[in-house]
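When we follow full-length UniProt numbering, the leftmost residue of the sequence shown carries the number 1, and every step to the right adds one.
Yeah, the Cβ is synthetic: ideal placement off N, Cα and C, and Gly gets one too.
Keep in mind it's a predicted model, so treat the numbers as computed, not measured.
Read through the structure below, which is laid out as structure tokens, and then see the notes.
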Amino acid sequence: MAKVAISLDAELVVEVMVLAGVGNPQDAVELVVRDYIARGHRTEARVAAREETARDDETRPPETQG
């Protein structure tokens with residue numbers, strides 16, 4: 001996988017390291033980015049499931065009461 005080098009504020013990185021419980025700045029930032037991406041995928045999956053349920057409800061014929 002290709003690598004990218006970026007510059008971040010040291011205080012920001014230290015805070016991420018403390019919150020992530022990781023002693024390596026590279027690992028800490030990578031964990032945060034991976035978590036952010038995973039959270040986005042989970043949100044997309046929930047929205048898609050909700051839209052599918054709504055679509056199914058629209059296509060079902062109304063139930064007759066008797």
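Whole-angstrom C-beta distance between A28 and V16, which should lie under 8 Å: The sequence position of residue 16 within the sequence shown is 16, counting from 1. The sequence position of residue 28 within the sequence shown is 28, counting from 1. 5 Å between Cβ atoms; contact.
Nearest-angstrom Cβ-Cβ length linking V22 and L8, presumed shorter than 8 Å: Taking the sequence shown and counting its residues from 1, the one referred to as residue 22 is at position 22. Taking the sequence shown and counting its residues from 1, the one referred to as residue 8 is at position 8. Rounded to whole angstroms, the Cβ separation of V22 and L8 is 14 Å, and the two are not in contact under 8 Å.
V14 to A49 span [Cα, whole Å]: Taking the first residue of the sequence shown as position 1, residue 14 is located at position 14. Taking the first residue of the sequence shown as position 1, residue 49 is located at position 49. Across the structure, V14 and A49 are spaced so that their CA atoms are roughly 38 Å apart.
Alpha helix (DSSP H) segment containing A2, residue limits: The sequence position of residue 2 within the sequence shown is 2, counting from 1. Per DSSP, A2 belongs to no alpha helix (DSSP H) and is neither H nor E.
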